[in-house]
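K.L.:
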Amino acid sequence: MISSIFGKTKPINYVILLVFLVLLYGFAHFFQFSNDILKVSYGLKITAIAVLIVTIFLVNFILHRNKITGTNSFGILFYTLLITIFPEVLMDWEGIICAFFLLLSFRRLVSLKSLKQIRSKVFDATIWILVASFFYDWALLYLIMVFVSIAQYESKNIRSWLVPLAAFFTVFVITFCVLLINNNLTFFKEHYRFGLEFDVIYFSKWTYTLKLGIFLLITLLTMFFAFIQLGKSVLGRIVTLRLIALYFTLGIAITLMKTTANTFPIVITFFAAVVFLTNYIENIKKPKLKEALLTASIILPLIGLIINVVTK
117 MISSIFGKTK
127 PINYVILLVF
137 LVLLYGFAHF
147 FQFSNDILKV
157 SYGLKITAIA
167 VLIVTIFLVN
177 FILHRNKITG
187 TNSFGILFYT
197 LLITIFPEVL
207 MDWEGIICAF
217 FLLLSFRRLV
227 SLKSLKQIRS
237 KVFDATIWIL
247 VASFFYDWAL
257 LYLIMVFVSI
267 AQYESKNIRS
277 WLVPLAAFFT
287 VFVITFCVLL
297 INNNLTFFKE
307 HYRFGLEFDV
317 IYFSKWTYTL
327 KLGIFLLITL
337 LTMFFAFIQL
347 GKSVLGRIVT
357 LRLIALYFTL
367 GIAITLMKTT
377 ANTFPIVITF
387 FAAVVFLTNY
397 IENIKKPKLK
407 EALLTASIIL
417 PLIGLIINVV
427 TK
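Note that the working numbering has the sequence shown beginning at 117, numbered continuously upward.
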């Protein structure tokens, strides 16, 4: 039943997932994390849920437009379920917005495989990463993906290597002018500290550590199966898969360096995890096994959400 519903791209799938996401967002804000979010204005709360909704559409667009997965709704289903497993991310509006801009960057980088307008796409991707860094300073690590992409598609053209510098200069000048007008030139010094914010106390919570460990294990296993499955595939898909694996690795690195009581960059890794999970489900040939795994993937996050509330 679940595979028949989300195995196709239907408008009803968006309705189901978006309604659930809005309800989950409201539940997290008014019940589970109400004390932690009192300091956040309603304007930021509305912005965060709006960006989250747009992110769902963006994830679906990237997956289908670039043929990373099949034409189904498994991707957005898994993205929603990951938010259910880690409802903490809903209280981190900066993480939600940062993840959105990183997705915009990835959208441009993955389209480099067409070998058209390479420098324009590299410029755009760099711009989006720099904007994402306004929310998480460590998001600048994703510039590694830009240079890896250049090395993969146009390594011999020196002008392509200079494009990120042009993007950096553009963003710096615009930001500097805005900060100058608002008399806030200390922003760069105060924001880009690149300090380690590893909260040992928070990681000592068994519920979060268990969820994170299982999430890493399942993602790495499905990543392994995806590479094995595509081992004989065309080079273009392998390159895309490697880029997604790098996307996930950088996200995990930022998660370990920046997770605190109010910051949950794990949301950055959701897109990459979704790709591997979806590819794994798509390649299951036995309908009953696929249905069983999809059912478990829905029931277990809901159970985890209940446990989260009980142990809060």
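We put the CB at the ideal spot given by N, CA and C, even for glycine.
#1: Under 8 Å, with one C-beta from each stretch per pair, do the region 265–275 and the region 327–335 reach the 3-pair mark?
#2: List the endpoints of the continuous alpha helix (DSSP H) containing Asn-399.
#3: Have a look at Ile-184, Ile-178 and Ser-189 and flag the residue whose alpha-carbon is nearest the alpha-carbon of Leu-134.
#4: On the criterion of 16 or more Cβ atoms from any shown chain inside 10 Å, does Tyr-436 qualify as buried, or is it exposed?
#5: Suppose the cutoff is 8 Å on Cβ atoms and the five residues either side in sequence are ignored; what does the same chain contact list for Thr-185 look like?
#6: For Ile-118, which residues from the same chain have a beta carbon less than 8 Å from its beta carbon, with the 5 sequence-adjacent residues on both sides left out?
#7: In terms of residue numbering, what span does the alpha helix (DSSP H) encompassing Met-261 cover?
#8: Given a cut-off of 8 Å on the beta-carbon distance, is the pair Phe-82 and Val-287 in contact?
#9: Between the Cα of Ala-388 and those of Val-138, Gly-142 and Tyr-195, spot the shortest distance and give me the residue it belongs to.
#10: Just mark Ile-213 as buried or exposed, buried being the case when its beta carbon has 16 or more other beta carbons within 10 Å.
#11: Please list the terminal residues of the continuous alpha helix (DSSP H) segment that includes Val-226.
#12: Can you tell which of Phe-341, Val-167, Gly-159 and Lys-232 has the C-alpha that lies nearest to the C-alpha of Leu-220?
#13: What three-state label does DSSP hand Thr-379 in the structure shown?
P.N.:
Inspection of the coordinates gives the following:
#1: no
#2: If you number the sequence shown from 1, residue 399 lands on position 283. Here Asn-399 belongs to no alpha helix (DSSP H), and DSSP marks it neither H nor E.
#3: What you label residue 134 is simply residue 18 of the sequence shown in a count that begins at 1. The residue with the shortest Cα to Cα distance from Leu-134 is Ser-189.
#4: Only positions 117 to 428 of the chain appear in this structure, which leaves residue 436 out of reach.
#5: The residue given as residue 185 occupies position 69 in the sequence shown. Closer than 8 Å at Cβ, skipping near neighbours: Leu-179, Gly-191, Val-391, Thr-394, Asn-395 and Glu-398.
#6: One-based indexing of the sequence shown puts residue 118 at position 2. Answer for Ile-118: Glu-407, Leu-410, Thr-411 and Ile-414, listed in chain order.
#7: Locating residue 261 in the sequence shown gives position 145, counting from the first residue. First-last of the alpha helix (DSSP H) with Met-261: 259–269.
#8: Summary: the structure shown does not reach residue 82, with the chain confined to residues 117 through 428, and so no result is reported for it.
#9: Against the sequence shown, residue 388 aligns to sequence position 272. Per the Cα distances, Tyr-195.
#10: Translated into positions along the sequence shown, residue 213 becomes position 97. With 16 or more neighbouring CB atoms inside 10 Å of its own CB, Ile-213 falls in the buried class.
#11: Along the sequence shown, read from residue 1 onward, the residue named residue 226 stands at position 110. Note, Val-226: alpha helix (DSSP H), 209–226.
#12: On the sequence shown, position 104 is the one that residue 220 refers to. Nearest option by C-alpha distance: Val-167.
#13: On the sequence shown, position 263 is the one that residue 379 refers to. Note: Thr-379 maps to strand in three-state DSSP.
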